[in-house]
Each structure stands twice: as C-alpha cells, then as structure tokens.
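S.K.:
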Amino acid sequence: MDSITVNNSGIISLQTFKDGFDGILSIAESGKQIPFDVKCTYYIYNLVNHESVVRGKHAHKSLKQAIFCINGSFTLSLDDGESKQEIIMDNHGVGVYLGPELWHTMTNFKNNCILLVLASDWYDESDYIREYGEFLAYIKK
Ligand code: TYD
C-alpha cells in the first residue's frame with residue numbers, strides 16, 4: 639500500500655502469522671496496532687451491486703476508526719479538506735486509520751469484498767457529518 643498523504647490518517651500494519659498452507663492469522667490489538675481503545679466492531683459484506691455501491695460519504699467529528707479489507711478489494715477515497723488520496727485496499731493484513739474530520743468514501747468493491755471496521759465509540763448519528771459542504775465548514779472552524 640502507498641504511504642498516506644492526507645491528514646488524520648495512516649497505515650495500520652497488523653501482526654500476521656503465516657501458517658504455510660494452513661492460512662494466515664492477523665491480529666489487531668487496542669493500544670498496539672490500533673491507536674485507540676476499540677468500543678465497537680462492525681463488518682460490511684454481501685455487496686451485491688458491487689460495481690455501483692458507494693459507501694461512506696461522510697466524516698466524523700470525533701470518532702476514530704480503523705478500516706480493513708479482509709476479503710476481496712475496494713477503493714478507499716480520503717479527503718481531509720485540503721488534499722485527497724485514493725487507496726486500493728487489497729492487502730488483507732494492512733488497514734487504514736480513519737481519524738476524525740476525514741471525509742471518506744468506499745467504492746469499486748470486488749471479489750466478495752468484506753470490510754472490517756474497528757471504532758473508538760458506539761454508534762452516534764450526531765457524530766456524523768453527511769454533507770460535504772458542512773464538512774468543509776466544520777473543519778474551517
Ligand atoms: P454508515 O456508517 O453510514 O456506513 P458506511 O459508512 O459503510 O456507508 O452506516 C450505515 C447505516 O448503518 C446508517 O444508517 C447508520 C447505521 N449504523 C448503525 O445503526 N449502527 C452502527 O453502529 C453503524 C456503524 C451504522
């Protein structure tokens with residue numbers, strides 16, 4: 639994966655054990671590979687209309703997340719309000735830190751893509767910024 643150039647983000651390399659033909663085990667531990675305490679875990683799968691699906695399209699005010707592609711691949715688009723970056727998520731042992739105030743969009747889901755997200759808090763709709771103009775105004779404050 640290319641290095642991350644936008645603000646409030648970064649690469650998360652998991653500790654990975656390769657057991658030859660018996661598979662690979664990747665570990666995410668709070669305070670170690672994951673730079674926050676994990677309070678919520680969710681996963682996204684069964685992306686039937688994988689070519690037209692667009693997920694994300696929001697930023698968070700304070701939530702911290704770590705996003706992984708644990709099967710298949712997708713494109714993660716990041717925008718900190720000043721610069722943008724597209725990341726091909728196809729390495730199942732490497733994730734991306736999604737800090738607060740980072741507009742993110744997920745597209746181009748392929749090969750039975752499964753996304754795993756670790757989050758620093760429970761779901762709270764008031765932490766979401768779902769309008770791009772509102773996001774730009776929010777980060778200028
Ligand atoms: P959202 O975070 O917008 O998903 P994505 O960024 O992948 O597109 O969440 C999608 C919907 O699920 C939204 O209506 C909120 C709801 N939701 C919950 O009810 N609880 C949760 O913990 C999460 C993460 C989402």
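Once you know that position 7 of the sequence shown is 645 in the working numbering, the rest is easy, because the numbers rise by one and skip nothing. Glycine residues also receive a C-beta, built at the ideal position from the N, C-alpha and C atoms. Since this is a predicted model, take the numbers as computed values, not measurements.
Which complete beta strand (DSSP E) runs does the region 741–767 hold, if anything under 3 residues is left out?
M.R.: 741–757
S.K.: Skipping 5 residues on each side, what residues in its chain have a beta carbon closer than 7 Å to that of VAL692?
M.R.: THR743, THR745
S.K.: Does at least one heavy atom of the ligand TYD sit under 6 Å from the Cβ of TYR680?
M.R.: yes
S.K.: Mind checking which residues open and close the beta strand (DSSP E) that includes ILE705?
M.R.: 703–717
S.K.: Look at VAL755 and TYR680 and say whether their C-beta atoms are less than 7 Å apart.
M.R.: yes
S.K.: I believe LEU774 touches GLY719 by the beta-carbon criterion, under 8 Å. Please report the beta-carbon distance rounded to the nearest angstrom.
M.R.: Taking 8 Å as the upper bound for CB-CB distance, LEU774 and GLY719 are in contact here, some 6 Å apart.
S.K.: Quick test of the definition: if touching needs 3 or more C-beta pairs under 8 Å, does the region 683–700 touch the region 747–754?
M.R.: yes
S.K.: Compare the C-alpha of SER711 against each of ILE665, ILE725, LYS699 and name the closest.
M.R.: ILE725
S.K.: Would LYS759 and LYS677 be called neighbours here (beta carbons separated by less than 7 Å)?
M.R.: Sequence check: residue 759 is Asp here, not Lys. Against a cut-off of 7 Å, the Cβ pair of LYS677 and ASP759 comes out as a contact.
S.K.: What are the boundary residues of the beta strand (DSSP E) that LEU774 is part of?
M.R.: Here LEU774 belongs to no beta strand (DSSP E); instead the alpha helix (DSSP H) covers 770–778.
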